Amino acid sequence: MIRSARLLAAFSLPALALASCANAETGETAAARETAQADPIVATTGPVTPFRATGAGTFEEPWAIAFAPGTQMLFVTEKSGTLKVLDAASGKTGTVSGMPEVAYGGQGGLGDVAFLPAEAGKPLNGRTIYLSWAEAGEGDTRGAAVGRGTLACTAVDSCAVEGLSVIWRQTPKVTGRGHYSHRITFSPDGKYLFIASGERQKMQPSQETGNTLGKIVRLNLDGTPAAGNPIADQGGVNAEIWSWGHRNILGIDWDAQGRLWEVEHGPAGGDELNLVKPGANYGWPVRSNGEHYNGDPIPDHEPSDGFAQPAASWTPVIAPGDMLIYTGDLFAEWKGKVLMPGLGSQALVAVTIEGESARETARWGFEKRLRSIAQGPDGAIWIAEDGKGARLFKLTPR
1 MIRSARLLAA
11 FSLPALALAS
21 CANAETGETA
31 AARETAQADP
41 IVATTGPVTP
51 FRATGAGTFE
61 EPWAIAFAPG
71 TQMLFVTEKS
81 GTLKVLDAAS
91 GKTGTVSGMP
101 EVAYGGQGGL
111 GDVAFLPAEA
121 GKPLNGRTIY
131 LSWAEAGEGD
141 TRGAAVGRGT
151 LACTAVDSCA
161 VEGLSVIWRQ
171 TPKVTGRGHY
181 SHRITFSPDG
191 KYLFIASGER
201 QKMQPSQETG
211 NTLGKIVRLN
221 LDGTPAAGNP
231 IADQGGVNAE
241 IWSWGHRNIL
251 GIDWDAQGRL
261 WEVEHGPAGG
271 DELNLVKPGA
281 NYGWPVRSNG
291 EHYNGDPIPD
301 HEPSDGFAQP
311 AASWTPVIAP
321 GDMLIYTGDL
331 FAEWKGKVLM
341 PGLGSQALVA
351 VTIEGESARE
361 TARWGFEKRL
371 RSIAQGPDGA
381 IWIAEDGKGA
391 RLFKLTPR
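Under the numbering used here, the first residue of the sequence shown is numbered 1, with each subsequent residue one higher.
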């Protein structure tokens, strides 16, 4: 288990410098501190950076980037509620209409965007699109929502989401503006929808059933509970739950063996990469390799504590914004590795999976906070910065 992460290499982009990014993760004191635990990384000596970065435009508070499978069309969510589409071949950008009303503020707003891998061979026009966002409730409450619609897209400047309807809601809606998580992924066989649901900075619900805070849920593609979930016999929303004891999951992906991995923020220290298993409890807030923001200790993970152990953890934190497991051929040395863009660490972190454990094997520092990552159809890596005036980069081999 990694308890501290060592800088192996760093990378800066002075020629592309723009105005400093706003801190888009802040909204409450705990959320602000969470993404600032690691000191900004500066350029240092080390192995030659294996990639070059090419600027591909700027966006306002991007939260997620995703290619529609089998196309050059990159979709970018902006927290305030806008969905953009970039034709990576031509460089043209358009705005997608038909977005939901979002509860914008703090960590909330428009969240993830995802497409069904099984539709990769279909024309872009008519494909199914999934979106997540923060949704206002009664009084001063909010919660994550996931919706499904149809993409009507005949050109980059003529795109809309039609028939968007909510298929899942985080339960219950609570006060606060942090820890929505709401990352989306699909099982390798294409049958199931997995949603990461944060604990909304309420902590204890992660250890309780009867809610979906601090959980990963497994659903059918229409948002109904999937058969065979581990505590479905307890009734209600328990029929959705796949795993629990999570804090703020910001990245989720599958390895070549069909195993699900997630990365989540710890408190003051203790970011975790976890191998997700059905029915497993990952310990938050009873166990963490970090401590509370006020300095109060939290018992560390121990092999005999009855909770699932992290495959790797980081103190100081990397404050991951997203993750993917690389499957391309363009960067042969990265195949099968976890790649994580860092917010507070302002770095791209590479992690090698070793069975059910993992270890950091490289780190490249950037100038600003990194929010999201995607793999292009040619195997290139795309990274979006965090905040206002955030730059989008395409990484290709040197």
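Just so it is clear, CB atoms sit at the ideal spot from N, CA and C, and this is done for glycine as well. Source: prediction; values computed, not measured.
The beta-carbon separation of Glu356 and Leu260, rounded to 12 Å, does not stay under the 8 Å limit for a contact. Residue burial annotation: Arg398 is exposed, with fewer than 16 other C-beta atoms found within 10 angstroms of its C-beta. Exposure of Asn125 is indicated by the presence of fewer than 16 other C-beta atoms within 10 angstroms of its C-beta. Distance from the CA atom of Leu348 to the CA atom of Lys368, rounded to whole angstroms, is 11 Å. Boundaries of the beta strand (DSSP E) around Asp253: Asn248 to Trp254.
Here His265 is bridged, per DSSP, to Asn248. For the pair Gly94 and Val85, the CB atoms are nearer than the 7 Å cut-off.
Residue environment for Pro303: exposed (fewer than 16 other C-beta atoms within 10 angstroms of its C-beta).
In chain order, Pro188 place their CB closer than 7 Å to the CB of Gly258, counting only its own chain and leaving out the 5 sequence neighbours on each side.
In the three-state scheme derived from DSSP, where H, G and I count as helix and E and B as strand, Pro225 is classed as strand. The region 254 to 330 is shown to contain whole beta strand (DSSP E) runs of 3 or more residues at 260 to 265, 271 to 276 and 312 to 314, in chain order. Within the DSSP secondary-structure output, Pro341 pairs in a beta bridge with Leu348. The alpha-carbon separation between Leu221 and Ala103 amounts to approximately 25 Å. The beta carbon of Ala89 lies closer than 7 Å to those of Gln72 in the same chain, with the five residues before and after it left out.
When secondary structure is reduced to three states using DSSP, Ser80 falls in the coil class, being assigned neither helix nor strand.
Assignment of beta strand (DSSP E) within the region 94 to 130, counting only whole runs of 3 or more residues, yields 110 to 115 in chain order.
Nearest Cα to Arg200 within the set Glu78, Gln207 and Ser181: Ser181. When DSSP states are grouped into helix, strand and coil, Pro397 belongs to the strand group. A direct Cα-Cα distance of roughly 20 Å separates Ile241 from Leu131.
Remark: C-beta atoms of Arg177 and Ala145 do not approach each other more closely than 7 Å. According to DSSP, residue pairing for Val166 in a beta bridge involves Gly147.
In this structure, the CA atom of Asp233 is about 17 Å from the CA atom of Asn281. Per DSSP, reduced to three states, the secondary structure at Pro62 is strand. Out of Ala64, Leu193 and Arg148, the CA that lies nearest to the CA of Gln107 is found in Ala64. By the neighbour-count criterion, in which 16 or more other beta carbons inside 10 Å mark a residue as buried, Ala256 falls on the exposed side. Of the candidates Ala358, Leu330 and Pro225, Leu330 places its Cα closest to the Cα of Lys394. By the Cβ test, the region 54 to 70 is in contact with the region 116 to 124, since at least three Cβ pairs between them sit closer than 8 Å. Using a Cβ distance threshold of 7 Å, Thr352 and Lys337 count as a contacting pair. Per DSSP, Lys215 is one residue of the beta strand (DSSP E) stretching across Lys215 to Asn220. In this chain, the beta strand (DSSP E) harbouring Arg371 covers Leu370 to Gln375.
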